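Just so you know, we're using my numbering here: the sequence shown kicks off at 25 and counts up by one. Glycine included, C-beta positions come from ideal geometry on N, C-alpha and C. This one's a predicted model, so the numbers in the text were calculated from it and none came from an experiment.
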Amino acid sequence: MELNMFCNVSNDLRRLFTCAIVAISLSGSLSGCASTSVDLPPAPEGVMPIADLARNLPPYRIQIGDQLDLRFILNPELNESVVVRPDGMISTSVVQDVMAYGVTPAELKSSLIASYKSQLTKPELRVVVKNFAPTKVYVLGEVNNPGEMVSVGPTLSLTQALAKAGGMKDSAETRQIIILRRGAGEQPVLYGANFDSISSGKRAMADIRLAPYDVVFVSRSAIAEANKVYNQYFKNFIAPSIGASYSIGNKN
């Protein structure tokens with residue numbers, strides 16, 4: 025019976041060892057496959073690569089919560105201050121529901137002039153961003169300080185967001201960073217970024233500016249995952265099992 029118990033424990037160890045090897049192999053295979061498909065697609069309109077900023081700053085695009093001053097050159101009695109609503113629209117005393125989110129002040133000016141033409145013969149106005157609303161992105165996963173990252177003005181680039189999160193842990197899969205963005209109709213869209221290519225300078229243009237409310241997820245590397253398997257199934261299991269078989273054998 026003692027021998028059978030020892031054999032049963034040994035068989036369990038062999039099965040666990042086999043499963044762990046298979047899991048580690050699959051993790052490596054999946055990681056290898058994923059690393060070939062993490063190229064970031066073309067940046068969405070209005071989201072500029074950080075490398076371009078050094079040469080030519082992009083125009084500021086109005087954000088939800090921005091406070092705008094509308095100043096009419098020939099009709100100062102129509103001057104007013106408005107705040108961009110959560111739906112991206114603004115309304116004035118004359119026109120209703122004009123889209124302001126995501127457009128430049130110059131583009132909003134053109135839209136407002138077209139809307140005011142029904143009331144004014146020659147509308148001339150300026151759009152001034154008086155107060156900038158803070159923008160938020162979220163960084164999760166294998167970073168030192170995950171959470172909400174707040175900035176004012178242009179949104180953070182991917183590298184800046186990771187820096188504000190305290191940098192990535194040693195266990196991070198730096199070749200496969202996932203960016204979750206809400207697209208048309210609030211449908212989630214996933215993008216992938218290879219941080220190794222960005223940090224090495226091979227693909228610096230991939231360090232895109234994040235959009236407001238983007239979620240950045242840094243996954244665990246295959247090596248870290250293998251270490252987790254070891255700690256869960258071997259470090260905490262093998263030693264007590266061997267000890268148990270030794271005690272059984274010594275009772276004779």
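Worksheet entry | Classification of A130 by the beta-carbon crowding that lies within 10 angstroms, buried from 16 upward | exposed
Worksheet item: So is A138 buried or exposed if we call it buried at 16+ other beta carbons inside 10 Å?
Response: exposed
Item to complete: Classify N218 as buried or exposed, calling it buried when 16 or more other Cβ atoms lie within 10 Å of its own Cβ.
Response: buried
Worksheet item: Shortest alpha-carbon distance to R150 belongs to which of Y162, L164, S135?
Response: S135
Worksheet item: For P283, which residues of its own chain have a beta-carbon under 7 Å away from its beta-carbon, when the five flanking residues on both sides are left out?
Response: There is simply no residue 283 to check, as the chain begins at 25 and stops at 276 in what is shown.
Item to complete: Kindly indicate which three-state DSSP category E148 falls into: helix, strand or coil?
Response: coil
Worksheet entry | Exposed unless 16 or more other CB atoms sit within 10 angstroms - verdict on E104 | exposed
Worksheet item: Taking the Cβ atom as the reference point for each residue, do Q91 and N155 lie within a distance shorter than 7 Å?
Response: yes
Worksheet item: What span of residues does the beta strand (DSSP E) with T198 cover, start to end?
Response: 196-206
Worksheet item: How many angstroms separate the CA atom of A58 from the CA atom of R244?
Response: Residue confidence is low: A58 scores 43 on pLDDT, short of 50, so the model does not pin down where it sits. Its coordinate-derived value is still stated next. Approximately 13 Å between the Cα atoms of the pair.
Worksheet item: If we count the other Cβ atoms within 10 Å of its Cβ and call it buried at 16 or more, is E166 buried or exposed?
Response: buried
Worksheet item: Which residue from P147, V242, I202, S221 puts its Cα closest to that of D194?
Response: V242
Worksheet entry | With 16 other Cβ atoms within 10 Å as the buried cut-off, status of I114 | Under a 10 Å Cβ-count criterion, I114 is classified as buried, with 16 or more other Cβ atoms of the shown protein chains found around its own Cβ.
Discussion item. List, from N- to C-terminal side, the beta strand (DSSP E) runs of 3 residues or more that fit wholly inside the segment 73-133.
Written reply: 91-96, 104-107
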